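Heads up: the sequence shown begins at 117 in the numbering used here, then just goes up one per residue. Glycine included, C-beta positions come from ideal geometry on N, C-alpha and C. In this text, all values refer to a predicted model and were calculated from it rather than measured experimentally. Beneath this line is the structure, given in structure tokens, with notes to follow.
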Amino acid sequence: MFCVIFYAIGQLRIIHYIINNFKTYQGKLVSKGFQIDSANFTFKFIINKHQQIIKFIDTINNALHLVIIFDFLQNSVQITCVLIEIYERDEISVFITLYAIALFALIIYRLFILSYNSHEITLLSQLLANDIYQGEWYNESRHFKFMLKMFIMRCLKPLSIKLGPFGIIGLPSLISVLKAAYSYVMLLINIKV
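Now the structure itself:
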């Protein structure tokens, strides 16, 4: 799962780099003989790359939506079990307590990395519109400006990894998992009493 998210982040960063160095990439096309439409060709490359990323994210969302839901559910149950293990210990064994704390920290760290990087996909996809708008688009042809408007309109709908029908994965979803784990812990503690 992490590799898939890192791939999407890497591709979005490549698009940001090409947009920020648009004149350099346009100059490479001019040196190859595309003097007339070098800006249009460069921008079409950016659009095609962006469409590939959109299809990739959609494929991830369609293929892994149930896996992601069960992963988040499993993580909240694991956190609950670890916290109950720490809370219910009659004999305090340093080794078992350290093991439980380390396991708790690893689960939280894994969830944080997943949530943060999914949030970064959303943020990078929204920033594409800002990056392209800051370029020197006003010197380009009418067709280029039309493509730019369409690209900006598409970038206003951010890319995101979905948590099934419950929303998108981001930092708020991490908080939701922790809230669910806390609720499970309190329920189990109150039932036990």
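If I'm right that V232 touches L180 with Cβ under 8 Å, what's the distance once you round it to whole angstroms?
Numbered from 1 along the sequence shown, position 116 holds the residue referred to as residue 232. Numbered from 1 along the sequence shown, position 64 holds the residue referred to as residue 180. The amino acid occupying residue 232 in the given sequence is Tyr; Val does not appear at that position. With a Cβ gap of about 18 Å, Y232 and L180 do not count as contacting.
Exposure of N191, with buried meaning 16 or more beta-carbon neighbours within 10 Å:
Within the sequence shown, numbered from 1, the residue matching residue 191 stands at position 75. It counts as buried.
So the alpha helix (DSSP H) I284 belongs to, where does it begin and stop?
Reading the sequence shown from its first residue, position 168 is the one you call residue 284. That residue, I284, is in no alpha helix (DSSP H); it is neither H nor E in DSSP.
Using three-state DSSP, classify K278 as helix, strand or coil.
Taking the sequence shown and counting its residues from 1, one reaches residue 278 at position 162. Residue state, collapsed to three classes: strand.
Report the residue from P274, K295, L182 whose alpha carbon sits nearest the alpha carbon of L244.
Counting from one through the sequence shown, the residue named residue 244 turns up at place 128. L244 has its Cα closest to that of P274, out of P274, K295, L182.
Where the alpha helix (DSSP H) containing D247 begins and where it ends
Here residue 247 is taken as the residue at index 131 of the sequence shown, counted from 1. Start and end: 210-249.
Would a C-beta distance cut-off of 9 Å place G280 and L182 closer than the cut-off?
Looking up residue 280 in the sequence shown gives position 164. Looking up residue 182 in the sequence shown gives position 66. Contact flag set, yes.
Going by the beta-carbon positions, is the gap between S292 and A155 smaller than 9 Å?
Residue 292 sits at position 176 when you count from the first residue of the sequence shown. Residue 155 sits at position 39 when you count from the first residue of the sequence shown. Going by C-beta atoms, S292 is not nearer than 9 Å to A155.
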